[in-house]
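**Q** Take a look at the following structure, please.
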Amino acid sequence: MAKRPDDRRLELLQGTLDMLILRTLQWGPQHGHGIGQAIRAQSDDLLRVETGSLYPALHRLEKREWLKAEWGVSEANQRAKYYRLTATGRAQLSRERDRWSQLVDAIGRIMNPAPASKE
Amino acid sequence: MWPRTPSKDDLDAEIRGHLALSIKERIERGEDPASARLAALKEFGNVTLTRESMRGVWRYRWLDGAEALGRDMRFALRSLLRARGLAATVVVTLALGIGANAAIFSVVRGVLLRPLVNRDEDHLIYIGQRAPGLGAENLTFSIAELNDFKARITTITAFGDFSTVDFALSGLGGEPRMVKAGVVGGSFFDVMGLRPVLGRLLNPNDDGPNAAGAAVLTYRFWTTALNSDPNVVGTTIRLGPRTATVVGVLEPSVPYPADTEIIANVVTSPHHLGATMVTDRTHRMTELFGRLAPGVSLEAARAELTAVHTAMVREHPEAYSKRANVQLRVTTLRDQIASPARTILLVLLAAAAVVFVIACSNIANLILARSVRREGELAVRAALGAGRGALRRTLLAESLVLCGAGAVLGVMLAQPFVAIVARYAARFSVRALEVTVDTSVLWVGAGLAMGAAVLLAYVPRLPSPHAPTGLGLVSGSVRITPGTSRRLRVFATTQIACSFVLLAGAGTLLTTLIALQTAITGYNMRQVLAVDIPASATGADLGSAKLIDFYQEATRRIGKLAGVEGVAVGMSVPWRDAGRLPAVQFAVEGYTPADGEENPHARFRVVSPRFFAVVGVPVLAGRDFTDDDGGKSDPVAIVSQSVAQRLFPNGDAVNRHMWWTDPYFGKTPVHRRIVGVVADVDDEKVIRRPAMAVYQPVRQIGAAERLFVRAAGDPYALVPAVTRAIREISKDQLVERAATLEDVRTEVLSPDRLNAFVFSGFAGIALLIAVVGVAGVLAFSVSARTREFGIRLAVGSAPRHLLSRVLQEGVLIAAIGIAAGTAGGYALSRAAARFFATVQLPGLLPLTGAATVLIGAAVVASLMPAARASRVDVLQALRSE
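Structural data, given as structure tokens:
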């Protein structure tokens with residue numbers, strides 16, 4: 003896989019990392035490395051999560067009980083911490099998804115106003 | 036379950052796991068292991084920094100909440116400073132509630148719960164004898180009874196005996212004076228488990244008629260009267276006619292059964308060695324203590340004592356009449372000391388709790404009103420993302436600040452409160468004397484404040500996250516919902532109801548007090564000075580010719596003093612000497628008791644000629660005693676009107692004979708001719724009841740010990756001259772406690788006055804808080820309805836009409852409160868009746884009085900809000916929203 007130029011990469015929007023993590027874990031338990039890779043792969047390499055942001059975020063979500071962590075053995079035959087979505091995490095994901103689409107919608111209207119508005 | 040905080044190793048393992056995966060991936064892509072490792076590390080960035088920020092997520096987990104609360108507290112402090120009036124009201128109200136509760140609780144703890152200093156105090160018991168048939172709560176014991184117990188009881192290792200006598204004490208500096216003293220057997224101090232702080236206490240070697248006189252000083256007497264003089268041991272003191280050596284000082288302990296200054300051995304009291312004391316089974320003046328044998332329960336000892344007592348009663352029917360119904364009572368000493376105070380303290384505790392409920396509901400009202408005003412602010416904060424928890428925390432912080440301040444002030448108030456309540460409770464239990472503010476006050480205060488704070492934080496309703504808050508958000512002004520208004524009214528009604536209960540209680544005590552204070556006694560109250568002139572200091576025996584001459588000479592000399600209208604001697608200062616002289620059985624010529632009826636009882640009184648004129652009691656028939664009614668002349672008596680009416684229904688009492696039938700007066704009693712009938716007076720009870728009394732002339736008996744002087748002007752101005760006149764005859768004679776009958780009554784009534792005072796204090800606090808509460812509710816309701824009033828005025832309502840509407844609202848709250856209070860109070864008294872023998876329901880007067888006061892208070896409280904409602908500016912009101 004050829005390396006893409008750096009300027010193609012996007013900065014993560016403030017406050018969206020939690021939502022991306024929750025969304026990624028919807029498919030099943032995963033360790034930190036796997037989550038980072040999944041976000042990168044699914045965004046077609048446009049989004050890269052720094053480990054310095056990813057891990058504290060994982061712990062923050064665990065503390066809020068949106069995630070639950072268990073120790074397991076990774077593909078590298080090493081001890082690794084697997085994160086799993088909890089019920090409250092699932093609820094939080096749906097809240098964040100709603101807010102996200104409202105935000106996208108609102109910003110979309112501002113950027114591309116409809117030709118004929120209601121008033 | 037909360038997630039566990041990961042350890043440093045866990046964090047490292049997680050990072051290592053990540054790197055391993057990263058390296059493995061690179062190797063699989065074809066990189067060589069060394070560069071793959073380097074690239075992975077490079078990509079990861081600063082490992083330490085990442086680990087620390089992971090740890091940071093967890094680090095302040097516990098502090099987070101506290102920190103937020105601290106922030107909220109600072110915020111609360113700032114916002115409360117803007118509402119100073121409200122904050123001050125809440126803090127003061129709460130401080131009164133907490134202070135009263137903390138003080139009463141300290142006293143309850145000190146008096147009822149704390150163990151005594153006596154060694155193994157749980158083994159220490161008090162044995163009492165009561166005779167409900169004679170109305171005697173504590174009959175005490177005679178030496179004969181004590182000896183029976185000593186001979187037959189096995190569950191008690193030793194008995195201690197204590198009797199109270201008055202001694203004329205001299206030899207410890209100062210003038211000779213009467214002191215209260217204990218006379219005890221040698222086993223007393225060992226049974227009580229007390230130690231000396233100086234010298235030694237009394238022991239069995241001090242028993243018997245041949246021991247040397249020995250006395251122990253009580254700690255209070257030693258420290259207060261003698262400035263803790265360390266050389267006092269060995270001093271010889273005079274106790275009336277006898278002498279004794281001070282052998283030691285007792286450690287500080289509860290002075291029970293009597294608060295005496297000294298405790299002496301039996302030999303110092305001639306009376307204790309006399310035949311009557313030793314052999315007469317009915318001559319009861321000894322209090323009995325016992326120490327339980329090891330392993331014996333109170334119940335076992337009680338069972339054995341009761342069995343022995345029952346046998347005693349059977350063996351000596353002459354000493355225990357059927358009518359008296361003598362019963363034995365066995366309790367631990369601690370309960371015995373506490374029991375008289377228990378009821379009054381529990382009642383006070385209940386009153387304090389009621390005040391606290393009133394205070395809390397008032398504060399709840401204020402807080403609720405405030406939070407409704409703040410609905411706009413809360414809505415804004417909710418819209419900005421504050422969760423319910425955060426909002427609740429804001430409210431909690433505010434109530435914590437308020438209640439914390441209230442608790443601090445309350446604990447400070449508790450100090451003087453404890454002093455007042457302890458002095459008050461000391462009248463019922465000597466233990467209250469030692470009560471001081473202890474740390475329990477702090478805990479009680481803190482506990483009450485915390486409870487109140489949490490309660491108050493949950494009073495206001497939060498803006499619901501589901502319901503639209505748009506309205507509150509937009510207008511930012513007060514919106515009163517029916518629910519809030521109902522809650523406000525419930526709290527106000529609660530206050531009125533609780534205040535009503537307290538007011539009715541205080542009213543009952545006040546009416547009783549006024550009845551006592553204004554009762555017509557039959558005595559001349561203002562001009563008669565009563566003085567104690569005890570005989571024991573001079574060594575003159577009661578009944579001796581020397582004493583009769585002394586009385587004769589004293590009245591002659593005092594009668595000549597300027598400003599003296601009359602002087603006489605008697606035996607009993609009304610009310611002050613109540614209970615000193617028991618009623619005695621007697622018989623009269625011409626009256627035979629019906630079958631099964633006992634001989635009548637009458638008060639035995641000795642008076643000098645002119646006594647009745649001096650104290651203002653009219654002679655209704657016959658004559659007064661004269662100076663000729665002496666030892667050599669005909670024995671005579673004067674009876675009270677009750678005796679004359681009951682025993683001589685034909686009105687022919689004069690010149691008939693009476694004689695005492697009590698064995699104390701000997702086998703062949705003197706028959707006395709009745710020479711006069713005087714009006715009834717009651718020298719035992721302040722509220723006069725028909726009292727059977729028989730008076731005898733002092734010159735035929737020779738025992739009086741009380742002087743009565745009738746003054747033309749100020750009675751107290753005569754005291755120095757009277758004292759001088761008596762000392763001129765006998766220089767050692769004690770002259771004590773001079774007081775007018777009016778002042779004697781006032782002094783005797785001081786417990787009733789104190790009762791009424793303390794309760795009125797509680798009721799006053801409650802009333803004050805309730806007035807603030809009602810006024811607050813109405814003011815709030817008026818200001819919330821400004822618009823409504825504006826519309827009413829606009830469509831033609833008269834301002835007067837609005838005024839009366841608001842007043843009616845206030846009166847309605849009060850009326851519902853009073854009804855609830857009546858119902859609640861009645862239920863409470865029914866419940867209390869199960870625990871206390873005498874629960875008195877208040878009469879109609881206190882009830883209507885309390886109701887009137889409350890309605891009046893409600894009207895006053897409604898006036899200001901009502902006036903504001905009627906002055907609402909129509910335009911302003913309509914525009915206000």
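So the sequences go chain by chain: L and E.
Okay, so the first sequence: first residue is 3 according to the working numbering, each after it adds one.
Okay, so the second sequence: first residue is 36 according to the working numbering, each after it adds one.
Idealized CB from N, CA, C, for every residue including glycine.
No experiment lies behind these values; they were computed from the predicted model shown.
Taking 8 Å as the cut-off, does the segment 127-147 of chain E touch the segment 373-383 of chain E (at least 3 CB pairs, one atom from each stretch)?
**A** Flag = yes, the segment 373-383 of chain E and the segment 127-147 of chain E touch.
**Q** Please say whether Glu-763 (chain E) and Asp-567 (chain E) have beta carbons closer to each other than 8 Å?
**A** No; because the gap between Cβ atoms is not below 8 Å, this pair is not in contact.
**Q** Determine, using beta carbons only, whether Thr-199 (chain E) and Arg-319 (chain E) come nearer to each other than 8 Å.
**A** No, Cβ-Cβ distance for Thr-199 (chain E) and Arg-319 (chain E) is not below 8 Å.
**Q** In terms of DSSP beta bridges, what is Pro-569 (chain E) paired with?
**A** Looking at the DSSP assignment, Pro-569 (chain E) forms no beta bridge with any residue, so it has no partner.
**Q** Assign Ile-109 (chain L) to one of two classes, buried (16 or more other C-beta atoms within 10 Å of its C-beta) or exposed (fewer than that).
**A** Ile-109 (chain L) is exposed by the Cβ-count criterion.
**Q** At a cut-off of 7 Å, would you count Leu-56 (chain E) as near the ligand NAD, judging by its Cβ distance to the nearest heavy atom?
**A** Ligands are entirely absent from the displayed structure, and the ligand NAD is therefore not among its contents.
**Q** So for Val-671 (chain E), helix, strand or coil by DSSP?
**A** It is a strand residue.
**Q** Comparing the C-beta of Gly-80 (chain E) with each C-beta of chain L, is any distance below 8 Å?
**A** Chain L, which has a Cβ nearer than 8 Å to the Cβ of Gly-80 (chain E), makes this yes.
**Q** Drop a sphere of 10 angstroms on the beta-carbon of Asn-685 (chain E), count the other beta-carbons inside from all chains shown, and report buried for 16 or more, exposed for fewer.
**A** Burial call: exposed.
**Q** By DSSP's criteria, Tyr-730 (chain E) is part of a beta bridge. Which residues make up the other side?
**A** According to DSSP, which records beta bridges pairwise, Tyr-730 (chain E) is partnered with E:Arg-640 and E:Ile-673.
**Q** Name the chain E residues whose beta carbon is nearer than 7 Å to that of Arg-81 (chain L)?
**A** The contacting residues are Ala-48 and Gly-52.
**Q** What are the start and end residues of the alpha helix (DSSP H) that includes Ser-55 (chain L)?
**A** Its alpha helix (DSSP H) spans residues 53-65.
**Q** Are any of the Cβ atoms in chain A nearer than 8 Å to that of Met-899 (chain E)?
**A** No chain A appears in this structure, whose protein chains are L and E.
**Q** Check Tyr-84 (chain L) in the structure and name its three-state DSSP category.
**A** In the structure shown, Tyr-84 (chain L) sits in a strand (DSSP, three-state: E or B).
**Q** Go ahead and pull the three-state DSSP assignment for Ile-188 (chain E).
**A** The answer is coil: DSSP assigns Ile-188 (chain E) none of H, G, I, E or B.
**Q** Please classify Pro-41 (chain E): is it buried, with 16 or more other beta-carbons within 10 angstroms of its beta-carbon, or exposed?
**A** So Pro-41 (chain E) counts as buried.
**Q** Would Ala-293 (chain E) pass as a contact of Ala-279 (chain E) if the rule is Cβ separation under 8 Å?
**A** No, the pair does not count as a contact, with Cβ atoms beyond the cut-off.
**Q** Where does Gly-651 (chain E) fall in DSSP's three states?
**A** Residue state, collapsed to three classes: coil.
**Q** Do you know offhand how far Asp-183 (chain E)'s Cα is from Met-347 (chain E)'s?
**A** Roughly 8 Å separates the two Cα atoms.
**Q** Quick check on Thr-504 (chain E): does DSSP put it in helix, strand or coil?
**A** Reliability of the predicted coordinates at Thr-504 (chain E) is poor, the pLDDT of 44 falling under 50, and the value obtained from them is presented with this limitation in mind. Thr-504 (chain E): coil per DSSP, three-state reduction.
**Q** Please confirm if Lys-59 (chain E) has its CB atom under 8 Å from at least one CB of chain L.
**A** So, interface residue.
**Q** Look at the alpha carbon of Ser-406 (chain E) and the alpha carbon of Ala-814 (chain E), and state the distance between them as a whole number of angstroms.
**A** In a straight line, the C-alpha of Ser-406 (chain E) is about 15 Å away from that of Ala-814 (chain E).
**Q** If you drop the 5 nearest sequence neighbours on each side, which residues of the same chain put their C-beta closer than 8 Å to that of Pro-500 (chain E)?
**A** Residue placement at Pro-500 (chain E) is poorly supported in this model, since its pLDDT is 49, which falls under 50; the coordinates still yield a value, given next. Excluding positions up to five away in sequence, the list reads Ala-417 and Arg-423.
**Q** Let me confirm a value: His-68 (chain L) is counted as buried when at least 16 other C-beta atoms fall within 10 Å, else exposed. Which label applies?
**A** Looking at the sequence provided, one finds Trp at residue 68 (chain L) rather than His. Counting Cβ neighbours within 10 Å, Trp-68 (chain L) comes out buried, since at least 16 surround it.
**Q** Could one say the Cβ of Trp-93 (chain E) lies closer than 8 Å to chain L's Cβ atoms, at least one of them?
**A** Yes, because at least one Cβ of chain L sits closer than 8 Å to the Cβ of Trp-93 (chain E).
**Q** Please tell me whether Arg-42 (chain L) has its Cβ less than 8 Å away from any Cβ of chain E.
**A** No - not a single Cβ of chain E is within 8 Å of the one on Arg-42 (chain L).
**Q** Classify Asn-240 (chain E) as helix, strand or coil using the three-state DSSP reduction.
**A** Note: Asn-240 (chain E) maps to helix in three-state DSSP.
**Q** Note down, in chain order, every chain E residue with its Cβ under 8 Å from the Cβ of Ser-45 (chain L).
**A** Residues of chain E passing the Cβ test: none, with the nearest at roughly 17 Å.
**Q** Using 8 Å as the threshold, is the C-beta distance between Gly-283 (chain E) and Pro-231 (chain E) below it?
**A** Cβ distance < 8 Å, so Gly-283 (chain E) and Pro-231 (chain E) count as in contact.
**Q** When the distance is taken between beta carbons, is Ile-41 (chain L) closer than 8 Å to Leu-22 (chain L)?
**A** Cβ atoms of Leu-22 (chain L) and Ile-41 (chain L): closer than 8 Å.
**Q** Given a threshold of 16 other Cβ atoms within 10 Å of its Cβ, counted over all protein chains shown, does Ile-112 (chain L) qualify as buried or as exposed?
**A** Flag for Ile-112 (chain L) reads exposed.
**Q** Assign Asn-397 (chain E) to one of three DSSP states: helix, strand, or coil.
**A** Of the three classes helix, strand and coil, the one that applies to Asn-397 (chain E) here is helix, per DSSP.
**Q** For Glu-763 (chain E), name the three-state secondary structure that DSSP assigns.
**A** Helix, per DSSP.
**Q** Taking Leu-131 (chain E) as the reference, give the member of E:Tyr-699, E:Leu-802, E:Ala-902 and E:Phe-585 with the closest Cα.
**A** Ranking the options by Cα distance to Leu-131 (chain E), first place goes to E:Leu-802.
**Q** Thinking just about the alpha-carbon of each residue, which of E:Thr-547, E:Ser-263 and E:Thr-271 is nearest to the one in Ile-722 (chain E)?
**A** Comparing Cα positions, the closest option is E:Thr-547.
**Q** Using a C-beta to C-beta distance shorter than 8 Å, which residues of chain E count as neighbours of Ser-76 (chain L)?
**A** Going along chain E in sequence order, the residues near Ser-76 (chain L) (Cβ under 8 Å) are Gly-52, Ala-55 and Leu-56.
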